[in-house]
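Only one structure is covered here, and it is reproduced in the block below.
There are 2 protein chains.
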Amino acid sequence: MSKRDLIIEKSIEILFERSIASTSIQDITNACGISKGAFYLSFKSKEELLIAIFEYLIQDMISKYQELINLQTEPKEKLRQYFVLSFKLFEKNYPFISTHARELINIVDKEVINNIQTQCKIADQITLLLLKDIYGSKIEESKYDLSICIRGMMKGYAEFIVLQKQSVDYYELSKFLVNRIDVLVHADLTPLITKEMYEQDPKNHVLIKKEDILDEITKCKEQYIDDSFITDTFELIMEELQKEHPRKAILLGMSSNLVTNNLNWLAILLKQYINNM
Amino acid sequence: MSKRDLIIEKSIEILFERSIASTSIQDITNACGISKGAFYLSFKSKEELLIAIFEYLIQDMISKYQELINLQTEPKEKLRQYFVLSFKLFEKNYPFISTHARELINIVDKEVINNIQTQCKIADQITLLLLKDIYGSKIEESKYDLSICIRGMMKGYAEFIVLQKQSVDYYELSKFLVNRIDVLVHADLTPLITKEMYEQDPKNHVLIKKEDILDEITKCKEQYIDDSFITDTFELIMEELQKEHPRKAILLGMSSNLVTNNLNWLAILLKQYINNM
DNA sequence: TATAATAATGACTAAAGAGTCAAAAGTCAA
DNA sequence: TTGACTTTTGACTCTTTAGTCATTATTATA
């Protein structure tokens, strides 16, 4: 492990139960077994460490959700797996993020904060996607309320588990939650949160840029170097995106190519991009 | 307003968006327009201020919930009012408590923390009480799950409202939540959280002491000085509680006297005490 | 008005922590 | 083994802040 990562991980450990301001660099370097000077070889300042920690946690979260999305599983089972993963992430990352978010706001500049917030919304985006896979157009109107309630219930149980130090079987809990959602969906209540209300905040309406897709392809490419079908698909997408007026037909076709090869995450990015074209 | 209260209120304002450690006494006294010395006339230390702030917020919360409980309203409407109040309190007090709770733990000693945590559980206790009033024994088994889900959904919406700076009609939202709860109750799902799990943490099982009831009576007494029925009831409760073996019959009878006079809060304390006798 | 009592001030002390840098320790090719 | 190089160290500086206390301002009382 690099010294940088060591510092990040030890800091997360320490900051789990202390505030940023009340934790000195000395505390951190003591925990790492390194000197104060060594810290400043990896990080320019305390501020830089904080940003790095947030990026580290968010990256961890996103990559795990990506893996989940790329699994080939029946939609409801995927929702259950999503809950299980979310509970694990809540346990590991959420206390840190929620406790220190406010403090971070005072330390680092607005653009960094905005970036972090947008990335944090990824979990909600995924909730919406999974719900759509299961219930289709039936929940078109009520999906925002559902997403809020689901996230709330998840947090409710997560908090209960953490505070009571209860060991609850996450899979059982997830099955239970899926049942509750079923009940709520079939009750078909008049929704309260409309699309307009939900998307008023641009952070809830992630805008995928050309570069995001190209980056993602570059990341995946190597893995599929021997599969000419996939490399061709990648090639076609890249070509089409370079054009001034990319054709929806090509991109959508390629996106279903991706889905059949379990590159769901990339497919989602592409679909989002098409929607906003 | 006393200087002490001025300092507490200004501190809450400032600490809404800063951490405790990064806020100096000087910052606080500047905001109050007083000198540093004046601060130390009201508080022995920064630590004492923090404890005072938490006590202030919790007292505010409890007294408002008490008022609500003492209202004479149809149970479902009371649940709606409970939601409206909770949303207001979330908006006002919750961000402070959740952000600074962890930091407080490092500063003040365990006993103080424990005390604060127990008082914070009051909202959950009230949820359970109100649910019992509406649905009776039907939810005996599932009430713990319901309470967790309800709290979660409330928090979900509260967070949405705060983050999006949306102005949502709290009463409409509360009606919506009550409908959702109806749906969940009537679906009659197998519960996940059992009484044993819930009460494992003694904080979820508030033990009312003789003194709590006597204190509460002393507080109410003055208000009812002209009503001989109520003063007699008070007198009888106090007499009975002083005995080595207070008789349940008397106490339960007096508790229903209290309910008929809208002294619901005191009645609840008394019933809880009887239950644990 | 004069005096005593109380309240408020802010310069001061001592402690702690962020960030620096000259010197020490370690590495490795010749 | 040497010595040119990199990495690591921790004592040091400078800043900030909790808490004190001699002094000043205000109020109450005679």
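Chains as they are written, first to last, in our numbering: chain A, 905 to 1181; chain B, 905 to 1181. Virtual Cβ for every residue (Gly too), placed ideally from N, Cα, C.
Could you tell me the boundaries of the alpha helix (DSSP H) in which residue i lies?
i, result
"residue 1021/B", "1014-1024"
"residue 1176/A", "1168-1179"
"residue 990/B", "979-996"
Does the Cβ-Cβ distance between residue i and residue j come in under 9 Å?
i, j, result
"residue 961/A", "residue 1000/A", "yes"
"residue 1077/B", "residue 1033/A", "no"
"residue 958/B", "residue 1062/B", "no"
"residue 1048/A", "residue 1101/A", "yes"
"residue 1011/A", "residue 951/A", "yes"
"residue 919/A", "residue 936/A", "no"
"residue 1208/A", "residue 1050/A", "Since the first residue shown for chain A is 905 and the last is 1181, residue 1208/A is missing from the structure and cannot be characterised."
"residue 927/B", "residue 943/B", "no"
"residue 923/A", "residue 1003/A", "yes"
"residue 1038/B", "residue 983/B", "yes"
"residue 1075/B", "residue 992/B", "no"
"residue 1052/A", "residue 1064/B", "yes"
"residue 1009/A", "residue 921/B", "yes"
Nearest CA to the CA of residue i: which residue from the options?
i, options, result
"residue 1162/B", "1180/B, 1146/B, 1140/B, 1151/B", "1140/B"
"residue 1058/B", "1082/B, 1037/B, 958/B", "1082/B"
"residue 967/A", "1005/A, 1017/A, 917/A, 1120/A", "1120/A"
"residue 1165/B", "1042/B, 1135/B, 1145/B", "1135/B"
"residue 1014/A", "983/A, 955/A, 989/A, 1027/A", "955/A"
"residue 1149/A", "1127/A, 1131/A, 1114/A", "1114/A"
"residue 915/B", "906/B, 938/B, 905/B, 953/B", "953/B"
"residue 970/A", "920/A, 1027/A, 1154/A", "1027/A"
"residue 1006/A", "909/A, 1091/A, 1047/A, 925/A", "925/A"
"residue 1124/B", "1073/B, 1049/B, 980/B, 974/B", "974/B"
"residue 1025/A", "1053/B, 1003/B, 1047/B, 1067/B", "1067/B"
"residue 1035/A", "980/A, 1011/A, 990/A, 964/A", "980/A"
"residue 1181/B", "1158/B, 1152/B, 1159/B", "1152/B"
"residue 988/B", "1177/B, 1106/B, 1079/B, 1178/B", "1079/B"
"residue 1093/B", "1099/A, 1098/A, 1092/A, 1085/A", "1085/A"
"residue 1043/B", "1023/B, 929/B, 1099/B", "1099/B"
"residue 946/A", "1154/A, 1074/A, 906/A", "906/A"
"residue 1156/A", "1173/A, 1111/A, 940/A", "1173/A"
"residue 1117/A", "1075/A, 1176/A, 1065/A", "1176/A"
"residue 1031/A", "1056/A, 1009/A, 1021/A", "1056/A"
"residue 1160/B", "1060/B, 1143/B, 1133/B, 1146/B", "1133/B"
"residue 1168/A", "1022/A, 1054/A, 976/A, 1064/A", "976/A"
"residue 1106/B", "908/B, 1052/B, 1029/B", "1029/B"
"residue 1104/B", "1069/A, 1127/A, 1023/A, 1129/A", "1069/A"
"residue 949/B", "908/B, 921/B, 1040/B, 1146/B", "908/B"
"residue 986/A", "1054/A, 1145/A, 1091/A", "1054/A"
"residue 997/A", "1131/A, 917/A, 1128/A, 1127/A", "917/A"
"residue 1023/B", "939/B, 1108/B, 1045/B, 990/B", "1108/B"
Is there at least one non-hydrogen atom of the ligand ATP closer than 8 Å to the beta-carbon of residue i?
i, result
"residue 1036/B", "Of ligands this structure carries none, so the ligand ATP is not represented either."
- Segments of 4+ residues assigned as alpha helix (DSSP H) that fall wholly inside the region 1026-1082 of chain B: 1026-1039, 1047-1068
- Message: My parser needs the beta strand (DSSP E) runs of 3 or more residues fully inside the region 1140-1164 of chain A; what are they?
- Response: none
- Can you check the region 917-950 of chain A for any alpha helix (DSSP H) of at least 4 residues that lies completely inside it and give the ranges in chain order? 929-936, 940-946
- Entirely enclosed alpha helix (DSSP H) segments - the region 1089-1149 of chain B, minimum 4 residues: 1099-1103, 1114-1125, 1132-1146
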